[in-house]
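Engineer:
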Amino acid sequence: MVLLDPPRRRQGQVQQIAEAAKFGEAPGLIVMASCDPSSFARDAKGLLEAGYRLEQTVPIDQFRWSPHLEIVSIFRR
Numbered sequence: 001m002v003l004l005d006p007p008r009r010r011q012g013q014v015q016q017i018a019e020a021a022k023f024g025e026a027p028g029l030i031v032m033a034s035c036d037p038s039s040f041a042r043d044a045k046g047l048l049e050a051g052y053r054l055e056q057t058v059p060i061d062q063f064r065w066s067p068h069l070e071i072v073s074i075f076r077r
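Sequential numbering from 1 applies to the sequence shown in the UniProt record's numbering.
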């Protein structure tokens, strides 16, 4: 299992996992947190292309008076 909280502007962590998946060395379970819908979409696409399936996504409104939310997702291979 990997807990993943990739930065908004770069995709390095997801690319490393996708590369490891080519050789059968990627983790079977990834729990990913994201604070930006567009970077979540980018990172989720990379994991899906690496053979993961999206099992669950939960939006978390942790800042009550803010329009921002966290997205926590479970990906499994």
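Don't be surprised by glycine CBs; every beta carbon is placed ideally from N, CA and C.
Under the rule that 16 or more other beta-carbon atoms within 10 Å means buried, what is aspartate 43, buried or exposed?
Structural biologist: Taking the sequence shown and counting its residues from 1, the one referred to as residue 43 is at position 43. Its Cβ being crowded by 16 or more others within 10 Å, aspartate 43 is buried.
Engineer: Thinking C-alpha only, which one of Gly24, Arg64 and Gln13 is nearest valine 31?
Structural biologist: Position 31 of the sequence shown, counted from the first residue, corresponds to residue 31. Minimum Cα distance to valine 31 is reached at Gln13.
Engineer: With DSSP collapsed to three states, give me the class of leucine 47.
Structural biologist: On the sequence shown, residue 47 is found 47 positions in, with the first residue counted as 1. It is helical.
Engineer: I need the DSSP call for glutamine 56, collapsed to helix, strand or coil.
Structural biologist: Taking the first residue of the sequence shown as 1, we reach residue 56 at position 56. DSSP places glutamine 56 in strand when its eight states are reduced to three.
Engineer: I need the straight-line Cα distance from glutamate 49 to glutamine 15, nearest angstrom please.
Structural biologist: Residue mapping note: residue 49 aligns to position 49 of the sequence shown, counting from 1. Residue mapping note: residue 15 aligns to position 15 of the sequence shown, counting from 1. Rounded to whole angstroms, glutamate 49 and glutamine 15 show a C-alpha spacing of 11 Å.
Engineer: Out of curiosity, what's the CA-to-CA distance linking proline 59 and isoleucine 71?
Structural biologist: Here residue 59 refers to the residue found at position 59 when the sequence shown is read from its first residue. Here residue 71 refers to the residue found at position 71 when the sequence shown is read from its first residue. Rounded to whole angstroms, proline 59 to isoleucine 71 spans 5 Å at the Cα level.
Engineer: Starting from alanine 26, follow the alpha helix (DSSP H) in both directions and report where the run begins and ends.
Structural biologist: Position 26 of the sequence shown holds residue 26. Element bounds for alanine 26: n/a, residue is neither H nor E.
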